[in-house]
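S.K.: Please see the structure below; I have some questions.
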Amino acid sequence: ISIFASHRSPAHFEDPEKFNPDRWSPENAEKIPHFAYLPFSTGPRNCIGQVFAQFEAKVVMARFLKTFDVRLCPGQTRAIKQEGTISPRDGAVCTLLPL
Numbered sequence: 001i002s003i004f005a006s007h008r009s010p011a012h013f014e015d016p017e018k019f020n021p022d023r024w025s026p027e028n029a030e031k032i033p034h035f036a037y038l039p040f041s042t043g044p045r046n047c048i049g050q051v052f053a054q055f056e057a058k059v060v061m062a063r064f065l066k067t068f069d070v071r072l073c074p075g076q077t078r079a080i081k082q083e084g085t086i087s088p089r090d091g092a093v094c095t096l097l098p099l
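Going by full-length UniProt numbering, the sequence shown opens with residue 1, and the numbers climb by one from there.
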């Protein structure tokens, strides 16, 4: 099973290519089929650092977004390239404005 394909499937997610943090809100998360989203795999051999990675990401993002307003520079797009991982196709030049 391709986890990448599952995460981008319109059968599992409405408008899967769109950045939509509300997709994970408690009322919407219940609509996502079980095993449709597996960023750390599943079962007895799933990622041992899953809980730590999620906690660390939340702390870093909270501190970052509390400190800066992040805006894409003019002419930048949100296009992605899909290789072993996902990354911005043309880079992501941003402006960080202190809050």
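Glycine included, each C-beta is placed from N, C-alpha and C at the ideal position.
1. Put E80 into one of helix, strand or coil per three-state DSSP.
2. With a cut-off of 8 angstroms, do at least 3 Cβ pairs link the region 12-20 to the region 46-63?
3. Which class does V60 belong to by DSSP, given the choice of helix, strand or coil?
4. Tell me the DSSP secondary structure of D69 in three-state form.
5. Give a yes or no on contact between the region 58-72 and the region 84-98, applying the rule of three or more CB pairs nearer than 8 angstroms.
6. Give the secondary structure of P74 by DSSP, where H, G and I count as helix, E and B as strand, and everything else as coil.
M.R.: The answer reads as follows:
1. Checking the displayed sequence, the identity of residue 80 turns out to be Ile instead of Glu. Here I80 sits in strand by DSSP.
2. Touching, no.
3. Reduced to three states, the DSSP call for V60 is helix.
4. Looking at D69 - three-state DSSP - the assignment turns out to be strand.
5. As far as the Cβ criterion goes, the region 58-72 touches the region 84-98, which means the pair count is three or higher.
6. P74 falls in the coil class under three-state DSSP.
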